[in-house]
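Student: In terms of the UniProt record's numbering, the sequence shown is residues 1 to 220.
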Amino acid sequence: MSHHCHDEAHAHGHGHGHHDHDHDHDELPDSGLVHESLYQKIDHDNVTCLNEAEPNSGKSVLKPWHEKMDDTKFVESDADEQLIFRIPFTGLVKLKSISLRTDPGESAPRKMKAFVNKDDLDFDNAESTVPTQEWDLVEDSHGQIAEYSTRVAKFTSIRSLTLFFSENFGGDVTKISFIGLKGEFSEFKRDPIITVYELQANPADHKVPGANDILGHEVE
Numbered sequence: 001m002s003h004h005c006h007d008e009a010h011a012h013g014h015g016h017g018h019h020d021h022d023h024d025h026d027e028l029p030d031s032g033l034v035h036e037s038l039y040q041k042i043d044h045d046n047v048t049c050l051n052e053a054e055p056n057s058g059k060s061v062l063k064p065w066h067e068k069m070d071d072t073k074f075v076e077s078d079a080d081e082q083l084i085f086r087i088p089f090t091g092l093v094k095l096k097s098i099s100l101r102t103d104p105g106e107s108a109p110r111k112m113k114a115f116v117n118k119d120d121l122d123f124d125n126a127e128s129t130v131p132t133q134e135w136d137l138v139e140d141s142h143g144q145i146a147e148y149s150t151r152v153a154k155f156t157s158i159r160s161l162t163l164f165f166s167e168n169f170g171g172d173v174t175k176i177s178f179i180g181l182k183g184e185f186s187e188f189k190r191d192p193i194i195t196v197y198e199l200q201a202n203p204a205d206h207k208v209p210g211a212n213d214i215l216g217h218e219v220e
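#1: Three or more beta-carbon pairs under 8 Å between the segment 50-62 and the segment 135-151, yes or no?
#2: Short check: CB of T72 to CB of I176, under 9 Å?
#3: Could you have a look at Q40 and say whether DSSP puts it in helix, strand or coil?
#4: What residue range does the alpha helix (DSSP H) around G143 cover?
#5: In its own chain, which residues sit with a C-beta less than 6 Å from the C-beta of F155, not counting the 5 before and 5 after it?
#6: Hey, quick one: how far does the alpha helix (DSSP H) through A114 stretch, first residue to last?
#7: Can you tell me whether Q82 is buried or exposed? The criterion is at least 16 other CB atoms within 10 Å of its CB, across all chains shown.
#8: Which residue wins for smallest C-alpha separation from P64, given the options F178, E184, S186, F185?
#9: Have a look at the DSSP bridge pairing and note the partners of residue 226.
#10: What three-state label does DSSP hand D136 in the structure shown?
#11: Could you have a look at E167 and say whether DSSP puts it in helix, strand or coil?
#12: Going by beta-carbon coordinates alone, are V116 and T132 separated by less than 9 Å?
Okay, structure coming up:
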């Protein structure tokens with residue numbers, strides 16, 4: 001905080017430099033957020049993983065960053081090598097990167113496809129749906145974290161993210177031990193898109209006609 005106050009004092013002491021300072025100050029939160037984990041912004045209770053061998057093992061790999069090297073929690077696919085993760089958020093997310101820690105052998109996923117705000121994808125329609133972005137994954141990351149950047153312009157205003165791992169490097173099952181998401185977060189209430197509320201509102205809710213009445217008076 002003291003550094004921030006010092007910057008403010010410094011800025012006010014320089015007339016022309018104040019504008020430059022404001023610009024720099026605006027950039028600072030952004031640069032910090034590039035490295036911000038979205039772990040706490042995931043609606044963990046409603047995360048689902050399709051084709052997981054152990055129930056709830058899929059959501060266990062969405063760990064906080066300090067647990068990213070933990071090998072005790074992992075997910076393996078069941079019937080074949082494919083996995084689908086449906087990851088809802090508690091607000092709106094701008095996703096900047098997806099980090100993975102996978103099995104170092106043939107069970108590592110080979111391809112990852114990401115879909116924005118498509119909660120109904122399953123194995124029947126994921127193959128035929130055009131992904132928001134897809135990646136060819138590293139075959140052997142030596143047990144380390146591999147981070148894949150998104151085309152950020154396509155990953156804004158995300159309410160939910162679906163990840164489809166369609167194939168691996170030849171193993172019978174696919175194994176993933178960590179999925180980490182980085183980006184920016186904003187509360188729903190700060191989102192200018194009113195439809196978020198309209199979709200959730202009950203038509204019989206007295207607040208809806210009330211809002212219309214207020215709007216009507218404002219128009220008059």
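Ideal Cβ placement from N, Cα and C applies to all residues, glycine included.
Tutor: Short version:
#1: The segment 50-62 is not in contact with the segment 135-151.
#2: In this structure, the beta-carbon distance from T72 to I176 does not fall below 9 Å.
#3: Helix at Q40.
#4: DSSP places G143 outside any alpha helix (DSSP H), giving it a letter other than H or E.
#5: So the list reads L95, once near-sequence residues are dropped.
#6: Unbroken run through A114 is the beta strand (DSSP E), 111-116; no alpha helix (DSSP H).
#7: Burial call: buried.
#8: Taking only the C-alpha atoms, the option nearest P64 is F178.
#9: Nothing about residue 226 can be read from this structure; the chain reaches only from 1 to 220.
#10: Strand at D136.
#11: E167 falls in the coil class under three-state DSSP.
#12: Yes; because the gap between Cβ atoms is below 9 Å, this pair is in contact.
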